[in-house]
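Below is one structure, written out as structure tokens; the observations come after it.
Numbering (our numbering), first residue to last: 799 to 1048.
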């Protein structure tokens, strides 16, 4: 995106701008290689080389690097500045801002950013699918389970799903598993034997559906979401065992 924006710039690039592009690419490469601390230091050092044409790209990379480093408050501020810049990077910054807001539990604020993105008609089919996926995740966290599940399932069943990074797909499936386990936990084995049997069947179906999502996450090989989903599954089985012990024998 950065190189494309420069190619479209009618002003011939200056030596300082050329050097700025080189330094920014070096910082991105440093971050992608895993040295986030060095990347952040380099980004701060090269700020004087950031011409007006490069400023939005620098702000965006500062946001991404701060986010990965765990400095979510700073990342949020940088993404907000990119959005105010009205640059071609605005959709990317808005999506990452929504993710930062969601990670801190501010789902309503994240949802507002997602809605602004969903109305953007210039997005590609793959980007629109990713936005819809994030919308579904946020809706589930806001308690709109049916709407959120429908959004996520529609995207995962679409041809565009394979073009979305596995990390995002794994997060979506983890959120689905969470919702299914929550539904299962709301079904209690009370009442007559027949009623308890129906409840047991309904709960088993949701537990099994949740485990199918976890199996899909394992296939995506995203370790963070695999571990998180296994913890959720363990909690669900533990809670079920405790409830079964408290139910009178039929």
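Each residue gets a CB set at the ideal place from its N, CA and C atoms; glycine is no exception.
Euclidean distance between Cα positions of residue i and residue j
i            : j            : result
residue 804  : residue 937  : In this prediction, residue 804 scores a pLDDT of 36, lower than 50, which makes its location untrustworthy; no coordinate-derived value is stated.
residue 843  : residue 947  : 45 angstroms
residue 976  : residue 1044 : 24 angstroms
residue 857  : residue 832  : 19 angstroms
residue 985  : residue 967  : 28 angstroms
residue 924  : residue 999  : 38 angstroms
residue 1041 : residue 987  : 8 angstroms
residue 1032 : residue 1010 : 15 angstroms
residue 806  : residue 846  : Reliability fails at residue 806, whose pLDDT of 42 lies under 50, so the model's placement of it is uncertain and no value is given.
residue 952  : residue 944  : 12 angstroms
residue 881  : residue 903  : 21 angstroms
residue 1036 : residue 926  : 38 angstroms
residue 930  : residue 990  : 43 angstroms
residue 932  : residue 892  : 12 angstroms
residue 1038 : residue 983  : 8 angstroms
residue 918  : residue 906  : 19 angstroms
residue 1056 : residue 1022 : The displayed coordinates of the chain run from 799 to 1048. Any statement about residue 1056 would go beyond what the structure contains.
residue 860  : residue 889  : 16 angstroms
residue 824  : residue 830  : 10 angstroms
residue 821  : residue 852  : 11 angstroms
residue 876  : residue 949  : 29 angstroms
residue 828  : residue 1001 : 48 angstroms
residue 896  : residue 1048 : 49 angstroms
residue 942  : residue 909  : 12 angstroms
residue 979  : residue 816  : 53 angstroms
residue 874  : residue 1034 : 34 angstroms
residue 1027 : residue 894  : 23 angstroms
residue 841  : residue 922  : 30 angstroms
residue 834  : residue 1046 : 56 angstroms
Nearest neighbour of residue i, chosen from the options [CA to CA]
i            : options                 : result
residue 755  : 924, 912 and 918        : An answer regarding residue 755 cannot be provided, because it is not within the stretch 799 to 1048 covered by the chain.
residue 940  : 915, 900, 1011 and 930  : 900
residue 898  : 871, 884 and 910        : 871
residue 878  : 1019, 862 and 867       : 862
residue 1012 : 852, 851, 1001 and 1025 : 1025
residue 865  : 848, 884 and 838        : 838
residue 974  : 1004, 961 and 894       : 1004
residue 1029 : 972, 817 and 1001       : 972
residue 884  : 867, 834, 850 and 910   : 850
residue 965  : 818, 908, 840 and 1016  : 1016
residue 1008 : 1018, 828, 1020 and 981 : 981
residue 1018 : 834, 960 and 1047       : 960
residue 1020 : 970, 1006, 841 and 873  : 970
residue 854  : 874, 887, 840 and 826   : 887
Integer Cβ distance of residue i from residue j, believed to fall under 8 angstroms
i           : j           : result
residue 962 : residue 928 : 5 angstroms
residue 868 : residue 848 : Not really, about 24 angstroms apart at Cβ, beyond 8 angstroms.
Just checking, does the segment 982-1001 make contact with the segment 948-964 on the three C-beta pairs under 8 angstroms criterion?
Touching, no, given that fewer than three Cβ pairs across the two stretches are closer than 8 angstroms.
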